[in-house]
Amino acid sequence: MALSSASLRLTSLSFSAKKTNRNPRNRSLSFTITCSSSFDEPPKPSLTSSSSTPNRVSSSSAPKARFVARQKQSVSVRQLQRPLIEYMSLPASQYSVLDAERIERVDDNTFRCYVYTFKFFNFEVCPVLLVRVEEQPNGCCIKLLSCKLEGSPVVVAQNDKFDASMVNRVSCDGTQEGSLEQQITSDAVIEVNIEIPFAFRVFPVGAIEATGTQVLDQILRLMLPRFLSQLSKDYQAWASGDTSRQPLGTGEI
378 MALSSASLRL
388 TSLSFSAKKT
398 NRNPRNRSLS
408 FTITCSSSFD
418 EPPKPSLTSS
428 SSTPNRVSSS
438 SAPKARFVAR
448 QKQSVSVRQL
458 QRPLIEYMSL
468 PASQYSVLDA
478 ERIERVDDNT
488 FRCYVYTFKF
498 FNFEVCPVLL
508 VRVEEQPNGC
518 CIKLLSCKLE
528 GSPVVVAQND
538 KFDASMVNRV
548 SCDGTQEGSL
558 EQQITSDAVI
568 EVNIEIPFAF
578 RVFPVGAIEA
588 TGTQVLDQIL
598 RLMLPRFLSQ
608 LSKDYQAWAS
618 GDTSRQPLGT
628 GEI
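Following my numbering, the residues of the sequence shown are numbered contiguously, the last one being 630.
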């Protein structure tokens with residue numbers, strides 16, 4: 378990471394994401410985020426609403442940072458004999474976990490998700506998410522129930538000092554039911570509010586917020602296409618008569 382002290386602009390961030398060591402088949406991904414962010418911009422509106430409960434609320438007077446990211450992506454799917462809208466309307470109890478390396482079923486509507494380990498200011502972070510799936514007529518809404526941080530000791534110590542919210546609306550266009558090709562869309566929003574650890578307070582709050590937001594944004598840019606690709610493959614298997622609901626993912630990005 379490089380900071381220009383004259384303008385307080387973030388110029389680059391080295392980001393590394395790797396598969397957690399829960400499984401011996403460890404794979405890694407490295408890339409670089411490059412951006413230029415001014416820290417005198419007005420803050421973005423909060424995404425936390427009265428209908429969603431944050432993961433955790435801190436009453437400390439320590440300085441805080443807020444990260445917000447949103448991505449909306451779609452994938453085209455060729456309809457087979459069984460229509461896509463029927464697949465998208467399946468009850469959560471019949472969902473495939475898609476990737477058994479990353480997702481565990483807790484009950485019919487609740488899943489535990491292990492996000493890829495990544496570096497944030499040279500500290501390893503591995504979020505573990507507990508999410509609930511709410512069925513909707515043409516898809517579902519995935520909401521975050523809780524988030525636990527694993528990784529470096531300084532990261533683990535933040536588990537009682539942050540709150541997080543996440544909503545991912547997954548849908549298909551029911552008005553195109555007769556079309557041979559339809560789209561599955563994933564619209565995800567993540568917000569994290571965290572007390573700034575002492576080790577990070579040498580950086581301007583704006584630099585931390587810009588960096589955190591870029592990390593969240595890049596995670597969504599990587600994960601949503603993969604998620605949609607797995608959904609497309611699972612639909613094709615289901616529509617071809619495979620009712621085993623076996624996961625198709627291998628834990629790789």
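For every residue, glycine included, the Cβ atom is placed at its ideal position computed from N, Cα and C.
For L506, the uninterrupted beta strand (DSSP E) run begins and ends at F500 to Q513, by DSSP.
In this structure D611 is buried. Its beta-carbon is surrounded by 16 or more other beta-carbon atoms within 10 angstroms. In terms of Cβ geometry, S473 and G516 do not form a close pair [threshold 7 Å]. Remark: C-beta atoms of S438 and T562 do not approach each other more closely than 7 Å. Under the three-state reduction of DSSP, L521 is assigned to strand. Residue nearest to V531 within the set D550, L557, P574 and D564 is P574 (criterion: CA-CA distance). Non-local C-beta neighbours of V505 in its own chain, meaning closer than 8 Å and more than five positions away in sequence, comprise R489, C490, Y491, V492, C524, K525, L526 and E527, ordered along the chain. Inter-segment contact for the stretch 591 to 600 and the stretch 473 to 488 is absent: fewer than three beta-carbon pairs are separated by less than 8 Å. Between the C-alpha atoms of P581 and D619 there is a straight-line separation of about 54 Å.
Under the three-state reduction of DSSP, T620 is assigned to coil, being neither helix nor strand. Residue pairing from DSSP places F539 in a beta bridge opposite I571. Annotation for V474: no alpha helix (DSSP H) segment contains it, and DSSP assigns it neither H nor E. Secondary structure of S453 (DSSP, three-state): strand. Cβ-Cβ distances below 6 Å link K520 to R509 and V544 in the same chain, with the five nearest sequence neighbours on each side left out; the list follows chain order. Residue pairing by DSSP places L526 opposite P504 in a beta bridge.
For Y493, no beta strand (DSSP E) encloses it, and the DSSP letter there is neither H nor E.
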